[in-house]
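Participant:
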Amino acid sequence: MRTGLPSPGFRIDMPRFTFLSLCCGLLLAFGWPVAVQGQQKNTLPNSQRPLSAKVIRQMRTRLDQTPVFPNVNRVAYFSDKKALREIQRAEKRKNWPAARNLLELYVGQFGIENFYRDTPMLWRLGQLWDRTGNPERAKAYYRLALKHRRQSLTKVQQYYDSLENKDTDLYVPLKTYYELVDYRKNIATFRPPKGVYTSMGDAINSKKEDYGPTLRADADLLIFSSKRKTRGRLQEVADEDLYQSRRENGLWTEAEPLPKPINSSYNEGSACISKDGTTLYFTRCECPTCHGNCDLYEAHFKDGKWSVPKSLGANVNSTAWDSQPTLSPGEDTLYFASDRLGGFGLSDIWFTAKGKNGQWGPAQNMGPVVNTRESEVSPFYHPLYHVLYFSSRGQLLNFGDFDIYKTYRVGGRWQEPINIGPLVNGKGSEYYFTIDADSKDLYYARSEQKDLKNLDLYSFPLPMEAQPTATTHVEGSLIDSVSRKPLNGIVSIIDTDNGIEVASKYLRDDGSFDFDLMEGSHYVMLIQSPDFFSVEKSFALQGDTVMKLMTNAIDYKLPLVFKNIEFDQDKATIRASMHPILDRIAVFMVDHPAFRLNIAGHTDSKGDSDFNLTLSQDRAEAIRRYIEQKGKLPPNRIESMGYGSTQPLKDEVTKEDARTNRRVEFRLLKPDGNSSDEPFKADPFPSSKPAAPGKPEPKPTGGDDGW
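The sequence shown runs 1 to 707 under the working numbering.
#1: State the CB to CB distance for the pair Trp-321 and Asp-339, rounded to an integer number of angstroms; the pair is presumed to be in contact (CB under 8 Å).
#2: List the DSSP bridge partners of Ser-481.
#3: Assuming Asp-456 and Asn-205 are in contact, meaning their beta carbons sit under 8 Å apart, how far apart are those beta carbons, in whole angstroms?
#4: What are the boundary residues of the alpha helix (DSSP H) that includes Pro-580?
#5: Pick from Leu-507, Asn-498, Gly-367 and Gly-201: whose alpha carbon is nearest that of Glu-254?
#6: Cβ of Asp-438 less than 8 Å from any chain D Cβ?
#7: Spell out the partners DSSP gives Ala-600 in its beta bridges.
#8: Assuming Ile-435 contacts Ile-420 under a Cβ cut-off of 8 Å, what Cβ separation, rounded to an integer in Å, is found between them?
#9: Between the beta-carbon of Thr-333 and the beta-carbon of His-291, is there less than 8 Å?
#10: What first and last residue would you give for the alpha helix (DSSP H) that runs through Ile-574?
#11: Please list, in chain order, all residues of the same chain as Asp-604 whose beta carbon is under 7 Å from its beta carbon, the five residues on each side excluded.
#12: Confirm, please, whether the CB-CB distance from Ala-620 to Met-641 is below 8 Å.
#13: Starting from Ser-534, follow the beta strand (DSSP E) in both directions and report where the run begins and ends.
#14: Using the beta-carbon count (16 or more within 10 Å), is Asp-348 buried or exposed?
#15: On a Cα-Cα basis, can you pick out the residue from Ala-217, Ser-307, Thr-352 and Lys-305 that is closest to Ser-323?
#16: Would you kindly work out how many angstroms separate the C-alpha atoms of Trp-252 and Ala-219, rounded to a whole number?
#17: Consult DSSP for Leu-125 and reduce its assignment to one of helix, strand or coil.
#18: What are the uninterrupted segments assigned as beta strand (DSSP E) that are 3 or more residues long and contained completely in the region 223 to 261, given in chain order?
#19: Terminal residues of the continuous beta strand (DSSP E) containing Trp-360?
#20: Should Arg-137 be listed as close to the ligand ATP, given that the test is whether its C-beta is under 7 Å from any heavy atom?
#21: Can you find at least 3 beta carbon pairs, one from the region 366 to 384 and one from the region 426 to 442, that sit closer than 8 Å?
#22: Can you tell me the Cα-Cα spacing of Ser-504 and Thr-472, whole angstroms?
#23: Comparing C-alpha positions only, which one of Met-550, Ile-490 and Lys-147 sits nearest to Asp-169?
#24: Rounded to the nearest angstrom, what separates Asp-514 and Thr-198 at their Cα positions?
#25: Give me whichever residues DSSP pairs with Thr-214 in a beta bridge.
#26: In chain order, what residues of the same chain have a beta carbon less than 6 Å from the beta carbon of Gly-126, not counting five sequence neighbours either side?
#27: Comparing C-alpha positions only, which one of Glu-113, Gly-4 and Lys-571 sits nearest to Leu-341?
#28: Below 8 Å on the Cβ atoms is my guess for Thr-278 versus Gly-269; work out the distance and round it to an integer in Å.
#29: I'd like to know if the region 378 to 398 and the region 354 to 363 are in contact, where contact means that at least 3 CB-CB pairs between them fall below 8 Å.
#30: Taking the C-alpha atoms as reference points, what is the distance between Arg-484 and Gly-476?
#31: Taking only three categories from DSSP, how would you classify Ser-521?
#32: Give the DSSP bridge partners of Gln-157, in chain order.
#33: Do you know how far the Cα of Leu-649 is from the Cα of Glu-656?
#34: By Cβ distance, which residues of its chain are closer than 6 Å to Gln-65, with the 5 residues on each side in sequence left out?
#35: Got a sec? Which residues, its chain only, sit under 6 Å from Thr-545 by beta carbon, not counting five neighbours each side?
#36: By DSSP's criteria, Gly-269 is part of a beta bridge. Which residues make up the other side?
As structure tokens, this is what we get:
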């Protein structure tokens with residue numbers, strides 16, 4: 001039995017009732033006790049209490065519209081026929097605000113069973129909030145309905161998708177992201193990636209499954225789980241043990257098993273260690289003293305050796321699978337995964353709080369915002385901030401099978417989980433996300449799509465989407481300065497202080513974009529497209545920021561003529577005033593490796609025509625050499641030709657006419673298609689980003705239950 005992940009299991013779906021069937025025929029008066037939110041807060045351990053105002057300001061976390069459900073760990077199922085009858089009366093009178101308020105009070109008393117038995121109420125409540133003018137509140141209930149439904153609801157999913165700009169649709173594919181970075185790696189403001197999907201190497205990983213990393217506070221001791229050994233003479237089975245490795249001179253030493261009595265003849269794994277390194281919490285499976293097939297244990301390090309592990313007891317362990325512990329920053333709350341009965345899905349995140357007597361209290365469920373009808377596993381609580389990371393296959397935004405998410409606790413509520421992006425989450429499965437206290441490096445287990453079961457450990461610098469303090473919001477839009485229409489392209493953000501990677505995104509159809517970044521850092525924003533010269537903007541982030549950007553679209557049917565491309569008389573020397581424009585052209589050629597450039601030099605009609613022809617050719621050649629050197633371009637991408645005075649734009653009646661004829665024309669040439677002799681990589685900018693969700697359906701009216 002693997003300590004890290006639950007064995008495949010099944011849940012018996014309870015009978016489903018629609019909202020209307022619950023309401024039908026109930027004629028009694030309405031009323032029920034209302035829980036006081038403050039009472040719930042007072043019973044929370046330190047690590048579960050709301051973030052202080054100081055920390056909220058530091059992290060700039062903001063309350064979203066996520067509701068709270070105080071009854072989740074108090075009652076299994078909430079029902080009040082009087083209340084339902086009163087809601088139905090308000091619906092019949094089409095008193096939508098009253099129906100909404102009454103239904104929200106009712107839904108606020110839900111126990112765990114309500115979420116799969118009365119899911120239509122969540123959707124209906126979302127509709128009422130939609131109807132009464134609060135779409136963000138509505139989406140919070142729509143999300144809950146979709147997370148906890150027990151059947152396929154294509155119409156409902158499509159309607160929700162039409163309301164939501166999915167980040168997964170906006171992120172640039174990882175292959176394209178790497179190409180963008182590779183093209184610009186010689187430009188100082190755009191730093192190449194430090195590497196994602198970086199294996200921890202043979203000193204850590206084996207040919208078998210390796211997973212479940214945990215770090216000591218100094219980040220120089222790594223403990224992880226492995227199934228590299230086997231036991232049994234007649235029939236070999238995997239022997240799951242805990243291993244450790246130390247960082248010495250920046251490298252990890254060869255992994256070695258933890259000594260007895262931590263490892264035993266049973267399966268051990270999925271550990272976490274206290275800040276002082278003296279208390280280890282881990283999982284042991286299939287042992288005589290286990291309550292279920294896997295239980296949580298603790299051991300203490302004293303006088304140079306580990307104590308005999310002790311079970312956390314029946315308050316914490318169940319008769320099912322309990323594993324993957326993580327400690328809160330105050331070490332007074334232990335979070336873990338369990339597939340016990342009575343949860344929301346196949347496996348849930350649970351927690352237990354330590355009492356004043358030092359004993360762990362009864363396990364409690366984290367609730368319906370974090371947990372879904374599917375599986376949530378491998379929680380990790382940040383050692384400094386109140387941010388919980390976990391792996392899930394039931395959240396609404398995902399890139400692969402299991403993805404890693406983060407959720408903030410603000411104002412006593414766990415906020416809607418956020419996918420930490422494609423630089424971590426691939427098409428396979430990702431588990432056991434762990435980072436050091438400085439949020440510098442991440443450690444996690446992942447599998448490839450072709451072999452989801454074989455996990456290896458990976459480590460690389462923590463990208464922006466996974467940073468706990470990346471909560472300052474930056475949004476903006478890009479439009480054409482002439483037509484005022486939105487432009488399409490790819491927007492990238494570069495942290496120039498820390499070199500932290502930020503996954504690039506496509507601009508939305510309306511030209512808008514948004515990112516959550518760390519306050520106090522300096523950034524460069526780069527927007528790239530074949531439709532315009534790259535837009536580059538530097539900024540220091542101080543608070544939430546809104547940007548409105550404009551640029552000129554390129555008309556490929558017309559040559560580009562720049563006023564500041566003007567040479568000294570009878571000379572072909574590049575002047576300093578030309579550099580900004582020529583640099584922009586060089587960058588465009590770097591960004592678009594399949595494009596070519598034609599440079600045409602022209603003079604006025606004064607002087608000797610042969611001299612003018614040679615001069616114009618020399619000038620075009622000088623510009624070609626400058627752009628090639630600036631962008632480190634191969635010589636076959638730019639053509640240069642001098643035409644002297646043979647192609648005037650005007651009859652030279654005035655000095656201004658002559659100046660108009662003295663010009664350099666640039667023509668950007670799009671690739672002719674996928675010709676076999678094309679020496680350059682395909683252009684990374686598709687003609688359009690992935691298709692957006694379908695056209696929104698008309699919003700359901702008050703009488704439609706939405707199913």
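Glycine included, each C-beta is placed from N, C-alpha and C at the ideal position.
Facilitator: Looking at the atomic coordinates:
#1: 5 Å
#2: Note: Ser-481 sits in no beta bridge, so no partner.
#3: 5 Å
#4: For Pro-580, the enclosing alpha helix (DSSP H) begins and ends at 579 to 591.
#5: Gly-201
#6: Here chain D cannot be found, since the structure has a single protein chain.
#7: Met-641 and Glu-665
#8: About 11 Å; that fails the 8 Å criterion.
#9: no
#10: It is not in any alpha helix (DSSP H) - Ile-574 carries neither H nor E in the DSSP assignment.
#11: Ser-645, Glu-652, Ala-658, Asn-661 and Arg-662
#12: yes
#13: It spans 532 to 540 - the beta strand (DSSP E) in which Ser-534 sits, taken as one unbroken run.
#14: Asp-348 comes out buried.
#15: Thr-352
#16: 11 Å
#17: helix
#18: Runs of the beta strand (DSSP E) spanning 3 or more residues and lying entirely within the region 223 to 261 occur at 237 to 248, in chain order.
#19: Unbroken run through Trp-360: none, as it is neither H nor E.
#20: Absent from the structure shown: the ligand ATP. Ligands present: none.
#21: With a cut-off of 8 Å, the region 426 to 442 and the region 366 to 384 count as touching, because enough Cβ pairs lie within range.
#22: 17 Å
#23: Ile-490
#24: Rounded to whole angstroms, Asp-514 to Thr-198 spans 28 Å at the Cα level.
#25: Paired residues: Ile-223.
#26: Ala-138, Tyr-141 and Tyr-142
#27: It is Glu-113 whose Cα lies nearest to the Cα of Leu-341.
#28: Contact flag wrong, Cβ pair sits at about 20 Å.
#29: no
#30: Cα-Cα distance, rounded: 15 Å.
#31: coil
#32: Paired residue(s): none; Gln-157 is not in a bridge.
#33: 12 Å
#34: Glu-136, Arg-137 and Ala-140
#35: Counting only Cβ-Cβ distances below 6 Å, and skipping sequence neighbours, we find Val-474.
#36: Thr-283.
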